Amino acid sequence: MKHMPGRHFLQIPGPTNTPLPVLAAIAKPTIDHRGPEFGDLGRDVLRRIRDVFKTQNPVIIYPCSGTGAWEAALVNTLSPGDRVLMFETGWFSTLWGKMTVSLGLQPEIMNGDWRSGVDADAIERVLRADTSHSFKAVAVVHNETSTGVTSNIAAVRKAIDNANHPALLLVDTISSLGSIDYRHDEWGVDVTVGGSQKGLMLPPGLAFNAISEKALDASKSARLPRSFLGWSEMLTANATGYFPYTPSTNLLQGLRVALDLIEEEGLENVFARHDRAAAATRRAVEHWGFEIQCRNESEYSSSLTAVRLPEGHSADALRAEILHRTNTSLGNGLGRLADRVFRIGHLGDFSAASVLGTLAAVETGLKAAGIPYRTGGVDAAIDILNGNLPPTATIGEAAE
Ligand SMILES: Cc1ncc(COP(=O)(O)O)c(C=O)c1O
Numbered sequence: 001m002k003h004m005p006g007r008h009f010l011q012i013p014g015p016t017n018t019p020l021p022v023l024a025a026i027a028k029p030t031i032d033h034r035g036p037e038f039g040d041l042g043r044d045v046l047r048r049i050r051d052v053f054k055t056q057n058p059v060i061i062y063p064c065s066g067t068g069a070w071e072a073a074l075v076n077t078l079s080p081g082d083r084v085l086m087f088e089t090g091w092f093s094t095l096w097g098k099m100t101v102s103l104g105l106q107p108e109i110m111n112g113d114w115r116s117g118v119d120a121d122a123i124e125r126v127l128r129a130d131t132s133h134s135f136k137a138v139a140v141v142h143n144e145t146s147t148g149v150t151s152n153i154a155a156v157r158k159a160i161d162n163a164n165h166p167a168l169l170l171v172d173t174i175s176s177l178g179s180i181d182y183r184h185d186e187w188g189v190d191v192t193v194g195g196s197q198k199g200l201m202l203p204p205g206l207a208f209n210a211i212s213e214k215a216l217d218a219s220k221s222a223r224l225p226r227s228f229l230g231w232s233e234m235l236t237a238n239a240t241g242y243f244p245y246t247p248s249t250n251l252l253q254g255l256r257v258a259l260d261l262i263e264e265e266g267l268e269n270v271f272a273r274h275d276r277a278a279a280a281t282r283r284a285v286e287h288w289g290f291e292i293q294c295r296n297e298s299e300y301s302s303s304l305t306a307v308r309l310p311e312g313h314s315a316d317a318l319r320a321e322i323l324h325r326t327n328t329s330l331g332n333g334l335g336r337l338a339d340r341v342f343r344i345g346h347l348g349d350f351s352a353a354s355v356l357g358t359l360a361a362v363e364t365g366l367k368a369a370g371i372p373y374r375t376g377g378v379d380a381a382i383d384i385l386n387g388n389l390p391p392t393a394t395i396g397e398a399a400e
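Taking our numbering, the leading residue of the sequence shown gets 1, the next gets one more, and so forth.
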């Protein structure tokens with residue numbers, strides 16, 4: 001493809017932009033993964049990654065994409081035929097459900113509308129009725145990347161506790177880790193699944209399992225076959241900073257610097273920056289006159305916004321127009337939302353200017369595609385980014 005002048009705006013909801021210091025660390029020569037320098041690196045990243053998950057327990061780092069960490073969460077804790085309670089929040093929860101079937105598990109998938117998060121009360125009802133404790137795990141997606149909906153994981157934990165049910169809680173944080181507040185220990189999550197290519201600002205290629213004591217115990221009697229993804233050998237090697245097989249040395253070099261950047265900014269400030277960008281984006285979308293895919297304000301995602309176009313307009317044609325005219329990539333609609341929505345990513349490494357540039361790119365595309373919209377969305381977003389408007393002000397209230 002022909003080179004387009006200027007920096008490409010990668011504003012899909014992951015993979016995200018990798019900051020230069022992280023790229024520089026990845027570009028350093030590969031080191032001996034069995035030598036002393038690697039031991040320092042391994043111990044350092046394995047210790048500090050825990051802070052991002054808000055856990056005191058071990059976090060396993062795999063050289064794979066997030067899907068591998070989904071599989072690891074299941075094969076390490078469950079046995080053939082085990083029932084898993086899942087909630088359909090969108091495309092990614094659906095894929096995780098399909099994986100359980102391929103692995104010989106029995107998912108019970110609670111239907112959702114792809115516009116709301118996990119219904120914790122409904123989960124509680126199902127678990128209360130499961131007096132034989134046939135469900136061995138509840139598996140949910142924290143931030144559904146296909147819809148821009150964030151579920152309340154503390155409420156899911158409470159639902160399991162209220163039902164007095166022993167099921168493990170498995171949570172996918174692939175598009176929320178390092179972008180949206182998440183508390184592995186406090187929320188009593190047993191396995192948290194993460195990936196490198198979103199909030200952590202790394203390229204794709206690392207994936208994570210944060211694990212509780214209870215999950216570790218379960219792994220000792222779980223009978224699904226596992227080899228490469230097995231926790232036990234990993235934990236043994238990780239205890240001294242090493243890996244049982246060749247790790248992604250250069251990505252780990254990048255991870256160390258990404259953790260430096262997050263620590264320097266402060267995790268809570270990182271979340272606040274994402275919240276602001278999300279609020280500014282929603283303000284622009286509402287000003288343009290479009291609907292946000294997420295129905296409930298309390299579930300708005302801070303890492304992406306999925307925008308519904310009015311009937312009769314193609315979201316894919318709009319994205320193509322935006323790419324062609326502004327060198328900006330936005331996320332496509334997935335599954336049943338194909339061509340119906342486009343997704344604006346505001347996660348990872350970005351500034352106020354990145355947010356505004358992205359919104360201006362959308363306006364450019366809307367105008368070119370002849371889609372009716374109200375001008376001034378970027379201006380409305382500036383007010384949020386400048387702190388002149390409360391991020392939660394409702395449509396039209398102050399944007400005029
Ligand atoms: C919420 C969520 N879960 C799982 C995945 C799958 O991860 P990967 O593509 O890294 O294998 C993604 C990818 O975007 C995702 O957003």
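All residues carry an ideal CB built from backbone N, CA and C; glycine is no exception. This one's a predicted model, so the numbers in the text were calculated from it and none came from an experiment.
Next item on the list: Report back the beta-carbon spacing between residue 140 and residue 156 to the nearest angstrom; my notes put them in contact at under 8 Å.
Entry: 6 Å
Notebook entry, point to check: Just how far apart, CA to CA, sit residue 255 and residue 288?
Noted result: Rounded to whole angstroms, residue 255 to residue 288 spans 38 Å at the Cα level.
Next item on the list: Please report how far the alpha carbon of residue 192 lies from the alpha carbon of residue 315, in whole angstroms.
Entry: 33 Å
Margin query: If you measure between the beta carbons of residue 329 and residue 143, is that distance less than 7 Å?
Written below: no
Check: DSSP on residue 232, reduced to helix/strand/coil?
Finding: helix
Notebook entry, point to check: Considering only residues of the same chain and omitting the five flanking positions on each side of residue 384, which have a CB-CB separation below 8 Å?
Noted result: 276, 279, 280, 283 and 391
Note to self: In this structure, how does DSSP classify residue 330 when only helix, strand and coil are distinguished?
What the structure shows: strand
Next item on the list: Please classify residue 340: is it buried, with 16 or more other beta-carbons within 10 angstroms of its beta-carbon, or exposed?
Entry: buried
Margin query: Let's see if you can read the secondary structure: which residues bound the beta strand (DSSP E) around residue 157?
Written below: Run containing residue 157: none in the beta strand (DSSP E); it sits in the alpha helix (DSSP H), 153-162.
Item checked: Alpha-carbon spacing of residue 152 relative to residue 303, whole angstroms -> 15 Å
Margin query: As an exercise, report each continuous alpha helix (DSSP H) stretch of at least 4 residues that is fully enclosed by the stretch 36-92, in chain order.
Written below: 36-53 and 66-77
Next item on the list: Could you spell out where the beta strand (DSSP E) holding residue 306 opens and where it closes?
Entry: 304-308
Checklist line | beta strand (DSSP E) segment containing residue 208, residue limits | finding: 207-211
Note to self: Quick test of your reading: residue 222 and residue 76, contact by CB under 8 Å. State the CB separation rounded to the nearest angstrom.
What the structure shows: 6 Å
Item checked: Spatially closest choice to residue 94 from 366, 61, 336 and 121, by CA coordinates -> 336
Check: Does DSSP classify residue 5 as helix, strand or coil?
Finding: coil
Margin query: Here's the rule: buried if 16 or more other CB atoms are within 10 angstroms of the residue's CB, otherwise exposed. What is residue 266?
Written below: exposed
Check: How many Å lie between residue 399 and residue 387 at the Cα?
Finding: No answer about residue 399 holds up, because its pLDDT of 31 lies below 50 and its placement is not dependable.
Checklist line | residue 353 versus residue 110 - alpha carbon distance | finding: Approximately 40 Å, taken between the alpha carbons.
Notebook entry, point to check: Smallest Cα separation from residue 63: which of 230, 239 and 137?
Noted result: 230
Check: Which stretch, first to last residue, makes up the beta strand (DSSP E) that contains residue 382?
Finding: Note, residue 382: premise wrong, no beta strand (DSSP E); alpha helix (DSSP H) at 377-385.
Note to self: Would the stretch 238-255 count as touching the stretch 212-222 if we require 3 or more Cβ pairs under 8 Å?
What the structure shows: no
Checklist line | residue 113 burial status per 10 Å Cβ neighbour count (16 or more: buried) | finding: Exposed, since its Cβ has fewer than 16 Cβ neighbours within 10 Å.
Notebook entry, point to check: To which residues of the same chain is residue 164 closer than 6 Å at the C-beta, ignoring the five residues directly before and after it?
Noted result: none
Note to self: In whole angstroms, give me the CA-to-CA distance for residue 345 and residue 131.
What the structure shows: Roughly 42 Å between the two C-alpha positions.
Check: In chain order, what residues of the same chain lie with their CB nearer than 6 Å to the CB of residue 321, ignoring the 5 residues before and after it?
Finding: 365, 368 and 369
Notebook entry, point to check: How should residue 159 be labelled, buried or exposed, when 16 other C-beta atoms within 10 angstroms of its C-beta is the threshold for buried?
Noted result: buried
Item checked: CA nearest to the CA of residue 137, picked from 161, 148 and 170 -> Of the candidates 161, 148 and 170, the one whose C-alpha sits nearest the C-alpha of residue 137 is 170.
Checklist line | Start and end residues, alpha helix (DSSP H) containing residue 21 | finding: 20-26
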